[in-house]
Each structure stands twice: as structure tokens, then as C-alpha cells.
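**Student:** Quick note: the sequence shown uses the UniProt record's numbering, first residue 1, plus one each step.
Note that beta-carbon positions come from the ideal geometry of N, C-alpha and C, so glycine has one too.
Please read all numbers here as calculations on a predicted model, not as lab measurements.
Before anything else, here's the structure in question.
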Amino acid sequence: MGRWDSPSPSRARSRSRSRSRSPRDRKDDRHDRHKKRSRWEDDEEDSRDNAPGKEVAVRKGDNERQDRERRSHGDRDPHRHKDRRRRDDDAGRDDRDSRRDRDRDRDRDRKRDRDRDRDRDRGEDGDRARDRPRNRERRSRSRSHDNSKSLQRRSRSRSASAPKEKEEPNFARTTHLVAETNTQNGVLLKYVEPPEARLPPPSPSYTLYTFKSDAVIDTTKLSTRTAWLIGRDRLVADLPIDHPSASKQHAVIQFRFITRVNEWGEKEGKVKPYIIDLGSANGTKVNGEEIPKERYYELREKDLITFGHSTREYVLMVEK
1 MGRWDSPSPS RARSRSRSRS RSPRDRKDDR HDRHKKRSRW EDDEEDSRDN APGKEVAVRK
61 GDNERQDRER RSHGDRDPHR HKDRRRRDDD AGRDDRDSRR DRDRDRDRDR KRDRDRDRDR
121 DRGEDGDRAR DRPRNRERRS RSRSHDNSKS LQRRSRSRSA SAPKEKEEPN FARTTHLVAE
181 TNTQNGVLLK YVEPPEARLP PPSPSYTLYT FKSDAVIDTT KLSTRTAWLI GRDRLVADLP
241 IDHPSASKQH AVIQFRFITR VNEWGEKEGK VKPYIIDLGS ANGTKVNGEE IPKERYYELR
301 EKDLITFGHS TREYVLMVEK
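Rendered as C-alpha cells:
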């Protein structure tokens, strides 16, 4: 029961009627049949609507509709779109980070370049400031040189205009000629006697006493020579000193003729003893004070002389 194709007298009668009636009547009959339907027919229709095949067809239709929508939208998956958007955001973020890093590196490089340029400028300014006094000195030197040249030119012009005087011959002793001949026993002497060198008179007589530990070990009469060379080199020394602190040619005692004007305006000349240090390493002392090098120092009676670090003492005495 309940099937459309089941044999029933009413259905058969309805079929025979439908065949004999006109199309309009048939249409009315279908409308009436649709309105007046039996209970079992409604149940059968509901059961047909709820059949598994129809559910499958509906699901299939839904799937086809979704497929059509996907194809119409270019086969876009919403989750895939979200993933792509997320990847795009990550890529954009990475690009921004890399761009920020590049900008930071560029700023750091620019700052380093500016600092290097500033330091170089400061160094150049310092060099210029240091070079300024040098340039000033050079300018002053060039100016002085130019002035000297101009003065020389003026003097030359004046000398050329004025008559030249004939130079007279000079027969005075020169140190250059003396240095070539001032040798003794093959040793070149450092000292050259001056023009005022004189032999002391017999009276008063000058005597040099040598002391060592308050004992007189030697006496030397100085009136026999004009100069006495003192040093460690026995080939040329007149008064040899064996102490290692003394130089080979240490000092000289020289008698000089010195003229002075007295209180009445008269010139008086007298031979006096002087001592000169020849540039020794450890110096010469008179009465405990070191005398200047390469200059004459006048000696007086009872002066005490020491040479270098030697403990020997030399005392000058005048006997009338």
C-alpha cells in the first residue's frame, strides 16, 4: 500500500476518466487531486522527500553550488586567503625591518663620515695654527734677508762710488798658521800662547808647591818659562797629572804682560800669572770654586788649585 503504481479501483477509474475528458477537465482534475489527497498519499510523499537518495542529491547539489561559487571566485579558499594575507603581512614586516636596518646602517655610516671629516678639519686647523708662527718666522726671515741684500747692494754701490783703499799687509801671528806648526813630539797642542806672553822677572819669583795629605811632595819654579801645560799626556805636559779624572791637556799657567793706568793717568805694565782651563771634562778649581773654561783667570799668592777629582793640591807662593 501507499505506492502510486499499486492497483486500486479508484486509480483505474481516474485513469479512464482522464482519457475520456478534455484537456481543460484534466487540468481541473489535477488541481482537485492536488487539493484532495489522501492521508496515505501525503505520508508517502513525505517519505519520498525524506528518502536517503534525495538527501544525497541535495548534498550533491550543495557541493556543486559550492564548486560553482569557487570557480566563479577564482577557486579561492578563505583559509588559503588568510594564510596568503598572513604571509604577505610577514613579508611586508620583514621588508620594513630590513629597510629600517638599512636606514640605520646608512645613518651610522653618515655619522662616522661626518665625525671623520670633522676630525680631519680639526687636524688641518691645528696644523694651520702650528704653521702660522712658522710662516711668520719664514716671512720675517725672508724680510730680513731681503733687507740684508738691499743693505749689501747699497754698501756695494757706495764702495764702488768711493775710491778703494789699498789694504796694508798684516804680519801678526794667526792661529791657523800656528796650528799647523804647534806640535810637540808629534802631538797637536790645544793651546797657543798669546802675543802678550812674557817671561817673568827673576824677582819676585813664583813657586808652585804640590801637597798630598798635608805633605809637600814636589816644588816647581815657574819663573823659568812663559807657560806651563798641565795634563795627563806626558809627551806634552810640563806638569803631569796621573789621576784618571784629569784630561790629557787639562790647563795652562800663563805669564802675561798687562798694562794698566794708575790714579795719576800713567800706564804701568807688569807680568802676572794666569791660569786657563782648556775645556777639560771635570774642570779646574781655584780656592774651591770652579773657574770658567777657556778664559784667563788671574792667580794670586797663596791660591790653592785642584784639577779634576784629584786629591793633590797646588799652592802658588811669591818669594821676593
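1) Which class does residue 224 belong to by DSSP, given the choice of helix, strand or coil?
2) Would DSSP call residue 241 helix, strand or coil?
3) Mind checking residue 5: buried by the 16 CB within 10 Å criterion, or exposed?
4) If you follow the beta strand (DSSP E) that residue 270 is part of, which residue opens it and which one closes it?
5) Assign residue 165 to one of three DSSP states: helix, strand, or coil.
6) From what residue to what residue does the beta strand (DSSP E) around residue 298 run?
7) Alpha carbon to alpha carbon, how far is residue 294 from residue 264?
8) Give the straight-line distance between the Cα atoms of residue 218 and residue 306, rounded to the nearest whole angstrom.
9) Pick out whichever of 243, 108 and 255 has its Cα sitting closest to the Cα of residue 313.
10) Can you give me the C-alpha to C-alpha distance between residue 202 and residue 290, rounded to a whole angstrom?
11) If I follow the unbroken beta strand (DSSP E) through residue 251, where does it start and stop?
12) So, using beta-carbon positions, are residue 208 and residue 226 closer together than 8 Å?
13) Looking only at C-alpha atoms, which of 138, 189, 210 and 267 sits nearest to residue 252?
14) If you run the structure through DSSP and keep just helix, strand and coil, what is residue 12?
15) Is the separation between the beta-carbon of residue 261 and that of residue 275 shorter than 8 Å?
16) With H, G and I counted as helix, E and B as strand and the rest as coil, what does DSSP make of residue 247?
**Tutor:** Reading off the structure:
1) If you number the sequence shown from 1, residue 224 lands on position 224. In this structure, residue 224 counts as helix in the three-state DSSP scheme.
2) Indexing the sequence shown from 1 puts residue 241 at position 241. Reduced to three states, the DSSP call for residue 241 is coil.
3) Position 5 of the sequence shown, counting from 1, holds the residue named residue 5. Residue placement at residue 5 is poorly supported in this model, since its pLDDT is 49, which falls under 50; the coordinates are not used for a value here.
4) Taking the first residue of the sequence shown as 1, we reach residue 270 at position 270. Note, residue 270: beta strand (DSSP E), 267 to 277.
5) Along the sequence shown, one-based indexing puts residue 165 at 165. Residue state, collapsed to three classes: coil.
6) By 1-based counting over the sequence shown, the position of residue 298 is 298. 296 to 298 is the span of the beta strand (DSSP E), which, as asked, contains residue 298.
7) Indexing the sequence shown from 1 puts residue 294 at position 294. Indexing the sequence shown from 1 puts residue 264 at position 264. Rounded to the nearest angstrom, the two C-alpha atoms are 34 Å apart.
8) Position 218 of the sequence shown, counting from 1, holds the residue named residue 218. Position 306 of the sequence shown, counting from 1, holds the residue named residue 306. Distance between the alpha carbons of residue 218 and residue 306 is about 15 Å.
9) Within the sequence shown, residue 313 is the residue found at index 313, counting from 1. Considering only alpha carbons, the answer is 243.
10) Residue mapping note: residue 202 aligns to position 202 of the sequence shown, counting from 1. Residue mapping note: residue 290 aligns to position 290 of the sequence shown, counting from 1. Going by the C-alpha atoms only, they are around 30 Å apart.
11) As a working mapping, residue 251 is identified with position 251 in the sequence shown. Its beta strand (DSSP E) spans residues 251 to 261.
12) In the sequence shown, residue 208 corresponds to position 208, counting from 1. In the sequence shown, residue 226 corresponds to position 226, counting from 1. No, the Cβ-Cβ distance between residue 208 and residue 226 is not below 8 Å.
13) Within the sequence shown, residue 252 is the residue found at index 252, counting from 1. With distances taken between Cα atoms, residue 252 lies closest to 189.
14) If you number the sequence shown from 1, residue 12 lands on position 12. Interpretation of residue 12 is limited by its pLDDT of 48, a score under 50 that renders its predicted location unreliable; the figure taken from the coordinates is listed afterwards. In the structure shown, the three-state DSSP call for residue 12 is helix.
15) If you number the sequence shown from 1, residue 261 lands on position 261. If you number the sequence shown from 1, residue 275 lands on position 275. Going by C-beta atoms, residue 261 is not nearer than 8 Å to residue 275.
16) Along the sequence shown, read from residue 1 onward, the residue named residue 247 stands at position 247. DSSP, read as helix, strand or coil, puts residue 247 in coil.
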